[in-house]
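Presented below is the structure to which this report refers.
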Amino acid sequence: MRRYTFHLICALLLLGLAAQIFLASPEARAQTEQKIGQTPIPANILVAIRESKPGGDPNPRGQILYVQSMPFKTYIRNVLPNEWLPNWEAESLKAGAMAVKMFAWYHVLNPVTIDNQRFAVDNTTNFQIYREGTSMPRTDAALDETMQLAFVKKDDTIFELNYRAGYPNSPNFQYRNAQKMAQHGSQYLAHRQNKNMLQILQVYYEGRKLVKIP
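Here is the structure:
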């Protein structure tokens, strides 16, 4: 009986520890849902800057050096050319601009606290790759054309648009069920199938609509 009691106590302690880890994780936090018209497009965003790898790339496991507040549009300008190749088709870049913007907007509404520092995103693949001073004319143009538009749920709820690299020269339809856009897939659809931004977004995201930001 004592042996069983001991094992039971150990199991309960482990369950309690697991629950604490789960509840402390950013993913387990309650999500804030806002709708277009209830919240304006952010003016600024808090970005955690992590240590870089020896080659200079942002390190997803690096220590957080500081948290920087910057204009929301400046952030997107310096993310898009690091996530979408600037020489890709204009409609692919516009789909990318929409994804980068909606991802960032959602995380402004749902910030995290890590290492006692509160922020919306960091500058690595944990969120989106941000590199200061990397904006490019073609990606800037894609952002300017789409800045006053939003791609939201049917009930107008702002939600993140996730995406993955995917494989070159393929539409990467395998991501459709996961509600993720393939970056290479967006280029394939724009270049090979002449699809526009909205058509590309509709391939990968179900139950969403394009609206003008009030």
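Throughout the sequence shown, residue numbering follows mature numbering (1 follows the signal peptide of the UniProt record, and there is no 0), covering -30 to -1, 1 to 184 in sequence.
Each residue gets a CB set at the ideal place from its N, CA and C atoms; glycine is no exception.
Neighbourhood of M40 by C-beta, 8 angstroms cutoff - its chain only, sequence neighbours within 5 removed
Closer than 8 angstroms at the Cβ level, and outside the excluded window around M40, lie N14, I15 and V17.
Rounded distance between the beta-carbons of V49 and M70, thought under 8 angstroms:
Note that residue 70 is Val in the sequence shown here, rather than Met. By a beta-carbon distance limit of 8 angstroms, V70 contacts V49. Their separation comes to about 5 angstroms.
Which of helix, strand or coil DSSP assigns to A148:
Helix.
Hey, I46 and L113: beta-carbon distance below 9 angstroms or not?
Their beta carbons are under 9 angstroms apart, which means I46 touches L113 by this criterion.
Is the stretch 163 to 177 in contact with the stretch 77 to 84, if contact means three or more CB pairs nearer than 8 angstroms?
No, the stretch 163 to 177 is not in contact with the stretch 77 to 84.
Ends of the alpha helix (DSSP H) at Q98?
For Q98, there is no enclosing alpha helix (DSSP H), as DSSP gives it neither H nor E.
At the 9 angstroms Cβ level, is M72 part of the contact set with chain E, yes or no?
Checking the listed chains, one finds no chain E in this structure; it contains a single protein chain.
Which partner residues of S105 appear in the DSSP bridge assignment?
Under DSSP, S105 takes part in no beta bridge, so it has no partner.
For S22, tell me which candidate among W58, N139, T94 and N164 has the shortest Cα-Cα distance.
Of the listed residues, the one whose Cα sits closest to S22 is T94.
What's the gap between the Cα of T116 and the Cα of I128?
When rounded, the separation of the alpha-carbon atoms in T116 and I128 is 16 angstroms.
Run through the DSSP bridge pairs and tell me what V82 is partnered with.
Beta-bridge pairing links V82 to F89.
Under the assumption that E53 contacts G32 (Cβ atoms under 8 angstroms), give the Cβ distance between them as a whole number of angstroms.
E53 to G32, Cβ: 19 angstroms. No contact.
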